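In what follows, a single structure is set out as C-alpha coordinates and then discussed.
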Amino acid sequence: MKYSSREKNNYQKEACYENFICKSCGCLVVPEGAGSHHRNHCPNCLNSVHVDNLPGDRAANCGGIMEPISVWVRKNGEWAIVFRCSKCGHLSSNRIAADDNPVKLMSIALGPLARPAFPLHEIGGARHAL
(Lines of atoms letter the chains of each structure in order from A and count residues from 1; the text may use other names and numbers.)
(Lines give C-alpha, C1' and ligand atoms only; values in the text may rest on other atoms or scores of the structure.)
Protein backbone atom coordinates (compact mmCIF):
# COMPACT_ATOMS: atom_id res chain seq x y z
CA MET A 1 0.00 0.00 0.00
CA LYS A 2 1.47 3.37 -0.99
CA TYR A 3 1.17 6.43 1.23
CA SER A 4 0.99 10.09 0.39
CA SER A 5 3.64 12.59 1.50
CA ARG A 6 1.54 13.05 4.66
CA GLU A 7 2.84 9.74 6.06
CA LYS A 8 6.46 10.46 5.10
CA ASN A 9 6.77 13.73 7.04
CA ASN A 10 7.57 13.99 10.74
CA TYR A 11 4.76 15.69 12.64
CA GLN A 12 6.09 15.36 16.19
CA LYS A 13 6.91 19.07 16.44
CA GLU A 14 5.18 20.62 13.45
CA ALA A 15 1.50 20.87 12.62
CA CYS A 16 -0.04 18.88 9.79
CA TYR A 17 -2.30 20.87 7.48
CA GLU A 18 -2.58 18.32 4.65
CA ASN A 19 -5.85 16.78 3.46
CA PHE A 20 -6.06 13.01 3.01
CA ILE A 21 -8.47 10.36 1.79
CA CYS A 22 -9.57 7.84 4.44
CA LYS A 23 -8.24 4.37 3.55
CA SER A 24 -11.38 2.78 5.08
CA CYS A 25 -14.41 4.80 3.97
CA GLY A 26 -12.97 7.04 1.22
CA CYS A 27 -14.00 10.27 2.94
CA LEU A 28 -11.95 13.40 2.18
CA VAL A 29 -10.45 14.44 5.53
CA VAL A 30 -9.47 18.07 6.06
CA PRO A 31 -7.67 19.29 9.20
CA GLU A 32 -9.67 22.51 9.57
CA GLY A 33 -12.59 20.99 11.53
CA ALA A 34 -10.50 18.95 13.96
CA GLY A 35 -9.82 21.65 16.54
CA SER A 36 -6.20 20.43 16.63
CA HIS A 37 -3.03 20.73 14.58
CA HIS A 38 -2.59 16.97 14.49
CA ARG A 39 -5.46 15.21 12.70
CA ASN A 40 -4.77 11.48 12.69
CA HIS A 41 -8.10 9.77 12.06
CA CYS A 42 -11.17 10.05 9.86
CA PRO A 43 -14.02 12.06 11.46
CA ASN A 44 -16.58 9.89 9.63
CA CYS A 45 -15.56 6.28 10.44
CA LEU A 46 -12.89 7.17 13.08
CA ASN A 47 -10.39 4.77 11.49
CA SER A 48 -6.75 5.67 10.96
CA VAL A 49 -3.66 4.10 9.38
CA HIS A 50 -0.79 2.68 11.43
CA VAL A 51 2.03 5.01 10.34
CA ASP A 52 3.52 6.06 13.72
CA ASN A 53 5.64 4.24 16.29
CA LEU A 54 5.54 7.37 18.46
CA PRO A 55 2.91 10.07 17.85
CA GLY A 56 3.81 11.98 14.70
CA ASP A 57 7.07 10.20 13.83
CA ARG A 58 5.71 8.40 10.70
CA ALA A 59 8.28 5.64 11.39
CA ALA A 60 5.96 2.58 11.40
CA ASN A 61 6.08 0.46 8.27
CA CYS A 62 2.93 -1.52 9.11
CA GLY A 63 0.26 0.41 7.20
CA GLY A 64 -2.60 -1.53 8.81
CA ILE A 65 -5.97 0.05 9.54
CA MET A 66 -6.19 1.39 13.10
CA GLU A 67 -9.75 0.63 14.24
CA PRO A 68 -11.43 2.44 17.15
CA ILE A 69 -12.14 -0.13 19.87
CA SER A 70 -12.91 1.98 22.92
CA VAL A 71 -13.01 5.47 24.38
CA TRP A 72 -11.71 6.71 27.70
CA VAL A 73 -11.82 9.98 29.60
CA ARG A 74 -8.57 11.74 30.50
CA LYS A 75 -8.05 13.49 33.85
CA ASN A 76 -9.03 16.83 32.31
CA GLY A 77 -12.35 15.38 31.12
CA GLU A 78 -11.28 15.15 27.47
CA TRP A 79 -12.33 12.02 25.59
CA ALA A 80 -9.74 9.92 23.76
CA ILE A 81 -10.16 7.01 21.35
CA VAL A 82 -8.28 3.73 21.80
CA PHE A 83 -7.19 2.26 18.45
CA ARG A 84 -6.01 -1.27 17.59
CA CYS A 85 -4.16 -2.06 14.37
CA SER A 86 -6.01 -4.71 12.37
CA LYS A 87 -2.70 -5.96 10.92
CA CYS A 88 -0.23 -6.12 13.84
CA GLY A 89 -2.37 -5.49 16.96
CA HIS A 90 -0.55 -2.28 18.01
CA LEU A 91 -2.59 -0.20 20.49
CA SER A 92 -2.61 3.59 20.65
CA SER A 93 -4.77 6.40 21.95
CA ASN A 94 -5.58 9.83 20.57
CA ARG A 95 -7.89 12.64 21.62
CA ILE A 96 -11.18 13.00 19.84
CA ALA A 97 -11.52 15.79 17.30
CA ALA A 98 -14.17 18.50 17.26
CA ASP A 99 -15.73 17.15 14.06
CA ASP A 100 -15.73 13.44 14.97
CA ASN A 101 -18.95 11.55 14.29
CA PRO A 102 -20.84 11.75 17.64
CA VAL A 103 -23.04 8.73 16.86
CA LYS A 104 -19.96 6.60 16.13
CA LEU A 105 -18.28 7.83 19.34
CA MET A 106 -21.33 6.95 21.45
CA SER A 107 -21.65 3.58 19.73
CA ILE A 108 -18.06 2.76 20.69
CA ALA A 109 -18.57 4.06 24.25
CA LEU A 110 -21.76 2.02 24.76
CA GLY A 111 -20.38 -1.15 23.17
CA PRO A 112 -19.49 -2.87 26.47
CA LEU A 113 -23.00 -2.23 27.81
CA ALA A 114 -24.61 -3.62 24.66
CA ARG A 115 -22.27 -6.65 24.58
CA PRO A 116 -21.36 -7.49 28.19
CA ALA A 117 -18.63 -10.03 28.87
CA PHE A 118 -20.94 -12.08 31.10
CA PRO A 119 -24.59 -13.23 31.00
CA LEU A 120 -26.84 -10.46 32.32
CA HIS A 121 -29.30 -12.94 33.83
CA GLU A 122 -26.59 -13.99 36.32
CA ILE A 123 -26.20 -10.51 37.81
CA GLY A 124 -29.08 -11.04 40.25
CA GLY A 125 -27.52 -14.15 41.80
CA ALA A 126 -24.08 -12.57 42.07
CA ARG A 127 -25.53 -9.51 43.77
CA HIS A 128 -27.11 -11.64 46.53
CA ALA A 129 -23.78 -13.39 47.18
CA LEU A 130 -22.22 -10.10 48.29
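The opening position of the sequence shown corresponds to residue 71 in the numbering used here, with each subsequent residue numbered one higher.
Built from N, CA and C at the ideal position, the CB exists for glycine as well.
None of these values were measured; they are calculated from a predicted model.
{"Item": "Coarse secondary structure for Arg179, derived from DSSP in three states", "Value": "Here the sequence assigns Ala to residue 179, which means Arg is not the residue at that position. DSSP places Ala179 in helix when its eight states are reduced to three."}
{"Item": "In DSSP terms, what Pro138 is bridged to", "Value": "Phe153"}
{"Item": "Assumed close pair Asn110, Asn171 - CB separation to whole angstroms, cut-off 8 Å", "Value": "No, Asn110 and Asn171 are not in contact; Cβ-Cβ is about 15 Å, not under 8 Å."}
{"Item": "Within 8 Å, strictly: CB atoms of Cys112 and Ser140", "Value": "no"}
{"Item": "Burial state of His191, where buried means 16 or more other Cβ atoms lie within 10 Å", "Value": "exposed"}
{"Item": "Inter-residue CB distance, Leu124 and Pro138 (contact presumed, cutoff 8 Å)", "Value": "Going by Cβ atoms, the distance from Leu124 to Pro138 rounds to 20 Å, so no, they are not a contact pair."}
{"Item": "Bridge-paired residues (DSSP) for Phe90", "Value": "Val99"}
{"Item": "Pairwise C-alpha distance: Asn146 and Gly126", "Value": "22 Å"}
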